[in-house]
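Structure, as structure tokens:
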Amino acid sequence: DGGITQSPKYLFRKEGQNVTLSCEQNLNHDAMYWYRQDPGQGLRLIYYSQIVNDFQKGDIAEGYSVSREKKESFPLTVTSAQKNPTAFYLCASSMRLAGLAYNEQFFGPGTRLTVL
Amino acid sequence: GDSVTQMEGPVTLSEEAFLTINCTYTATGYPSLFWYVQYPGEGLQLLLKATKADDKGSNKGFEATYRKETTSFHLEKGSVQVSDSAVYFCALLNDYKLSFGAGTTVTVRA
């Protein structure tokens, strides 16, 4: 079964600690994305990667870091510099079409991060 | 930049009622439009899509038509069920970037 997996489903962190969220896809998609979702709000883009070993900041990248060493993996690190990290984090992927165009994004099940 | 505005919720309906969620957008170029659905504690699932003007997306009894003249993509379902209770997001895709509305919470009562 093709899809996107995120782990863990729930994550608790003490203030001042870095934590890494996992995202893996076996859809052979070129692009991967990280979003943050807060209650009553739409999704906001943190980082995206269109190709291995390359990634770009999204709208709210401060306090986060990513890597893309393999096509199927795009881990997100929430650093201690992120002032308000408690949120639901969603990973997505999509297939590249011609030029700069991409197909629809498919989402993983999410990780809920709580800072204690 | 691109933006999506959708009807604020929450929306509460009785089973078999008609559902409409309004969505309008602002964008450059020729975006694709989507409706995603999110059940409690889960990720987003693609409900339907339309890639060009006048396209109608449909799935599971839901429909939406891409109206370029009114920059709208309203979601409709003729007869809702309790299982349709969820949060619905309208979204716009331009190149790689997906822009979301704030989401509309729909609750269907038996």
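Quick mapping for you: the protein sequence lines, in order, are chains A and B.
Using the working numbering, you'd call the opening residue of the first sequence number 698 and step up by one each time.
Using the working numbering, you'd call the opening residue of the second sequence number 3 and step up by one each time.
From the three backbone atoms N, C-alpha and C, an ideal C-beta is built for every residue, glycine too.
Which chain B residues sit within Cβ distance under 9 angstroms of residue i?
i	result
P806 (chain A)	G43, E44 and G45
A784 (chain A)	In chain order: nothing, as chain B lies at least about 14 angstroms away.
Taking DSSP's pairing of strands, which residues face residue i in a bridge?
i	result
R69 (chain B)	B:S74
I741 (chain A)	With the sequence shown as reference, residue 741 (chain A) is identified as Arg, and Ile is not the correct amino acid for it. Paired residue(s): A:R733.
Y41 (chain B)	According to DSSP, which records beta bridges pairwise, Y41 (chain B) is partnered with nothing at all.
E721 (chain A)	A:T702 and A:S770
K96 (chain B)	In the sequence as presented, Lys is not what sits at residue 96 (chain B); that position holds Asn. BP columns for N96 (chain B) point to B:K99.
F709 (chain A)	A:T811
N61 (chain B)	B:F64
F36 (chain B)	B:K51 and B:A93
A19 (chain B)	Beta-bridge pairing links A19 (chain B) to no other residue.
I748 (chain A)	A:D751
Q8 (chain B)	B:C25
T107 (chain B)	B:V89
Please compile the residues from chain B whose C-beta is within a distance smaller than 8 angstroms of the C-beta of residue i.
i	result
Q747 (chain A)	Y98
A795 (chain A)	Chain B residues near A795 (chain A): none, gap ~11 angstroms exceeds 8 angstroms.
L787 (chain A)	G45 and L46
Does the Cβ of residue i have 16 or more other Cβ atoms within 10 Å, making it buried, or fewer, making it exposed?
i	result
G31 (chain B)	exposed
I748 (chain A)	exposed
K79 (chain B)	buried
R111 (chain B)	exposed
V775 (chain A)	buried
T808 (chain A)	buried
Y38 (chain B)	buried
V84 (chain B)	exposed
F1 (chain B)	Missing from the structure shown is residue 1 (chain B); chain B here goes from 3 to 112 and no further.
L794 (chain A)	exposed
P782 (chain A)	buried
Y41 (chain B)	exposed
F804 (chain A)	buried
Y98 (chain B)	buried
Going along chain B, which residues have a C-beta under 7 angstroms from residue i?
i	result
Q802 (chain A)	L100
A728 (chain A)	Y98
Residue i versus chain A: which residues are under 8 angstroms apart at the beta carbon?
i	result
G31 (chain B)	The premise fails here: G31 (chain B) is roughly 10 angstroms from chain A at the closest Cβ pair, so nothing lies under 8 angstroms.
Since residue i meets chain A, which of its residues come closer than 9 angstroms, beta carbon to beta carbon?
i	result
L95 (chain B)	S791, A798, Y799, N800, E801 and Q802
L48 (chain B)	E801, Q802, F803 and F804
G59 (chain B)	Those within 9 angstroms of G59 (chain B) in chain A number zero; the least Cβ separation is about 11 angstroms.
F104 (chain B)	Residue identity check: residue 104 (chain B) is Ala in the sequence provided, not Phe. Correct list: G737, Q738 and G739.
F36 (chain B)	E801 and Q802
For a contact defined as C-beta to C-beta under 7 angstroms, what are the partners of residue i on chain A?
i	result
A52 (chain B)	By Cβ distance, chain A contributes nothing, its closest Cβ being about 11 angstroms from A52 (chain B), past 7 angstroms.
F64 (chain B)	Correct list: empty, because the minimum Cβ distance to chain A is about 16 angstroms.
F91 (chain B)	G739
Using 8 angstroms for Cβ pairs, my map puts residue i next to residue j. What's the rounded Cβ distance?
i	j	result
T7 (chain B)	G105 (chain B)	No, T7 (chain B) and G105 (chain B) are not in contact; Cβ-Cβ is about 12 angstroms, not under 8 angstroms.
Y90 (chain B)	L100 (chain B)	The Cβ separation is near 15 angstroms, so there is no contact.
S34 (chain B)	A52 (chain B)	7 angstroms
E801 (chain A)	L95 (chain B)	7 angstroms
Beta carbon of residue i: closer than 8 angstroms to some heavy atom of the ligand NAP?
i	result
Q40 (chain B)	With respect to small molecules bound, the structure shown includes none, and the ligand NAP cannot be examined in it.
Worksheet entry | Those runs of the beta strand (DSSP E) which lie wholly inside the segment 772-804 of chain A and span at least 3 residues | 773-775 and 784-791
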